[in-house]
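Chains as they are written, first to last, in my numbering: chain A, -5 to 467; chain B, 21 to 132.
Backbone N, C-alpha and C fix where the C-beta goes; we use that ideal spot for every residue, glycine too.
First the structure, in the form of structure tokens, and then the observations on it.
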């Protein structure tokens, strides 16, 4: 089966290169969706911007760091509090606060450096216990050429106890969020890794890279590493302190979950410091067990790993099986950022008996499509940078029972009375690990069996009711 | 031989993230290192564990070999020579799908 030109894309035929329906016997040598390419004019993309990828996904997770966004207020609001990454200190500082220089027209005309300097000083003065800051540029402040390093230097010269990291990644810097991941990764290793020596407390040390403590993912996995006696020097960046991440160079192993948002720093740590990179899947029973086995094999502590896996299976296995029995055959669509497509497609099929019928990625690269097509089933759609009309058409073609996606697309599918589960920030996570996958199963089961959505489609006024049309119709 | 190779290749495609690392050289390094270690393990030889990269290859290879043995009972009755030939065939197919035949436009980018 060649690439697919959907009916709604007849006027933008370039979209055919981004939509693939896998046929038996085919593989990625023959067909691979074009990805990490500029959105085609005429398509209504669901993508975020490059700045968002740096701030919302990675930097904003840090629990002890002022997030100073040098730009208009909307850039701050739209990347604040839309993901739920708590911290284990109970303060959840990173979810409560965000800072903006609130640039207005006059500041754009006359320059924003003084305003940034003032805002940085105000932030440090107002929060004297916080000594770490990330400064982000945005589209307008990048365009007017504000000199961020010079401004930051003026502040840090007068405040020797603070440390500031600069992310110069305006929204227009790349085709999607993905560019922001890249800029932050490379900036961090260039400027911050190796500037602190971590305290080593175990003979086994690692970094856990590409996990952002969504609803406690990091904290749950940390219980495993604690039981195994492995010291996690840095979580990049779930539940992390700024200074934890400055000591990444001392780990013996980099364990990577989200290779899309953080593979860069793992690659650089390997290149510059000789630390091996081990990629694992942290969602799913079978995958989590496999990941633990690999980590333990690296450190030569296989028996400990087997004990842990046996305990977790005994505790959570029956609960998972209960849901598997009831979710068997459920048709699922995954429309998320990129890696969750390949992390989830086999795990929900093997562990829960579900069937993944369509997957769409907002910012995945071609590497992500190689992974997901290798793992995914025949007869499944694989879409890069899907647009709203394509989602409507795909829904008609595959009729999913539940869609795992973000709140924006989620609102869209709710109108069609199709259950959706938040695939980014979760409904009721964590979703990683053994316990987490039972949570995912529960949310999928509750979504599919919730009667409210079908009731919402009932109009008690009978035939006289006005039928509201979607813009797409 | 061909169907046995299909089994091994299908498993790696479905399970192993190491075949799809970011760049050509990473993929080649993984394919070479993990399959060499797997060959040792399948032959009952002690794997090399001298360097961090040796231990990394061992971590991936030992899980893969355990799964091979569990999923493919025919492996227990396969001669050492045939096992070596199968791994060589697997290596060639992985290099083709992940490197030489890959349509991924980023594979040869000089930077990460």
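Where residue 310(A) sits in the DSSP three-state scheme: helix
Residue 196(A) to residue 59(A), Cα distance in whole Å? 27 Å
Kindly indicate if chain B contains any beta-carbon less than 7 Å away from that of residue 284(A). yes
On the three-state DSSP scale, how would you describe residue 276(A)?
coil
Neighbourhood of residue 233(A) by C-beta distance below 7 Å, restricted to the same chain and skipping five residues each side:
57, 81, 82, 207, 212 and 213
| field | Three-way DSSP call (helix, strand, coil) for residue 230(A) in this model | value | DSSP, read as helix, strand or coil, puts residue 230(A) in strand.
- Query: Does residue 162(A) come within less than 7 Å of chain B when only Cβ atoms are used?
  - Reply: So, not an interface residue.
Can we say the region 2 to 13 of chain A touches the region 125 to 132 of chain A, given the rule of at least three CB pairs closer than 8 Å? By the Cβ rule, the region 2 to 13 of chain A does not count as touching the region 125 to 132 of chain A, because fewer than three pairs are nearer than 8 Å.
What are the complete alpha helix (DSSP H) segments, minimum 4 residues, inside the region 418 to 461 of chain A?
-> 427 to 443 and 446 to 450
*Closest Cβ-Cβ distance between residue 178(A) and chain B: below 7 Å?*
no
Would you report the Cα separation of residue 371(A) and residue 39(B), rounded to the nearest angstrom? 19 Å
TODO: Apply the 10 Å Cβ neighbour rule to residue 189(A) and answer buried if 16 or more other Cβ atoms are within range, or exposed otherwise.
DONE: exposed
Extract the residue ranges of the beta strand (DSSP E) inside the region 40 to 111 of chain A, only unbroken runs of 3 or more that lie entirely within it. Those beta strand (DSSP E) runs which fall completely within the region 40 to 111 of chain A and span 3+ residues are 59 to 64.
- Residues in the region 100 to 125 of chain B having any Cβ partner in chain A nearer than 8 Å: 116, 117, 118, 121, 122, 123, 124 and 125
Considering only the beta carbon of each residue, do residue 392(A) and residue 407(A) sit closer than 7 Å?
-> no
- Simplified DSSP state of residue 186(A), which is helix, strand or coil: Coil at residue 186(A), not helix or strand.
*asked:* Tell me the residue span of the alpha helix (DSSP H) that contains residue 24(B).
replied: 22 to 35
Under 7 Å between C-beta atoms of residue 94(A) and residue 357(A): no
Is residue 261(A) helix, strand or coil by DSSP?
-> If DSSP states are grouped into helix, strand and coil, residue 261(A) belongs with the helices.
**Item:** Own chain partners of residue 54(A) with C-beta closer than 7 Å, once the 5 adjacent residues on each side are dropped
**Value:** The answer, listed in chain order, is 61, 73 and 88.
Beta-carbon neighbours of residue 359(A), restricted to chain B and to distances below 7 Å: Ordered by position in chain B, the residues that pass the 7 Å Cβ test against residue 359(A) are 126.
- Message: Contact between the region 373 to 383 of chain A and the region 345 to 364 of chain A is defined here as three or more beta-carbon pairs at a separation below 8 Å; is this criterion met?
- Response: yes
* residue 71(B): buried (16+ other C-beta within 10 angstroms of its C-beta) or exposed? -> Residue 71(B) counts as exposed, since fewer than 16 other beta carbons sit within 10 angstroms of its beta carbon.
In the region 348 to 432 of chain A, which residue ranges form an unbroken beta strand (DSSP E) of at least 3 residues, counting only runs that do not cross its ends? 349 to 355, 375 to 378, 396 to 399 and 414 to 416
message = Counting only beta-carbon separations shorter than 7 Å, does residue 230(A) have a partner in chain B?
response = no
Along the chain, which unbroken stretches of the alpha helix (DSSP H) at least 4 residues long are found entirely within the region 83 to 118 of chain B? 100 to 115
### Message
Would residue 106(B) and residue 55(B) be called neighbours here (beta carbons separated by less than 7 Å)?
### Response
no
### Message
Check whether the region 167 to 181 of chain A and the region 142 to 154 of chain A touch, using three or more Cβ-Cβ pairs below 8 Å as the test.
### Response
no
| Near residue 411(A), what residues of its chain come up, given a Cβ to Cβ distance below 7 Å and the 5 sequence neighbours on each side ignored? | 447, 448, 450 and 451
Just checking: is the beta-carbon of residue 297(A) within a distance shorter than 7 Å of some beta-carbon in chain B? no
* Measure the CB-CB distance between residue 174(A) and residue 48(A) and report whether it falls below 7 Å. => yes
Practice problem: Can you tell me the Cβ-Cβ gap for residue 73(B) and residue 36(B), rounded? I've got them flagged as a contact below 8 Å. | Solution: In fact, because the Cβ distance is near 17 Å, the residues do not count as touching under 8 Å.
- Message: Please list, in chain order, the chain A residues whose beta carbon lies closer than 8 Å to that of residue 72(B).
- Response: 246, 247, 268, 269 and 270
Query raised in the report: So, using beta-carbon positions, are residue 426(A) and residue 316(A) closer together than 7 Å?
Result: no
Is there a Cβ of chain A sitting closer than 7 Å to that of residue 88(B), yes or no?
no
Checklist entry - Going along the chain, which residues of the region 191 to 212 of chain A sit with their C-beta nearer than 8 Å to a C-beta in chain B? => result none
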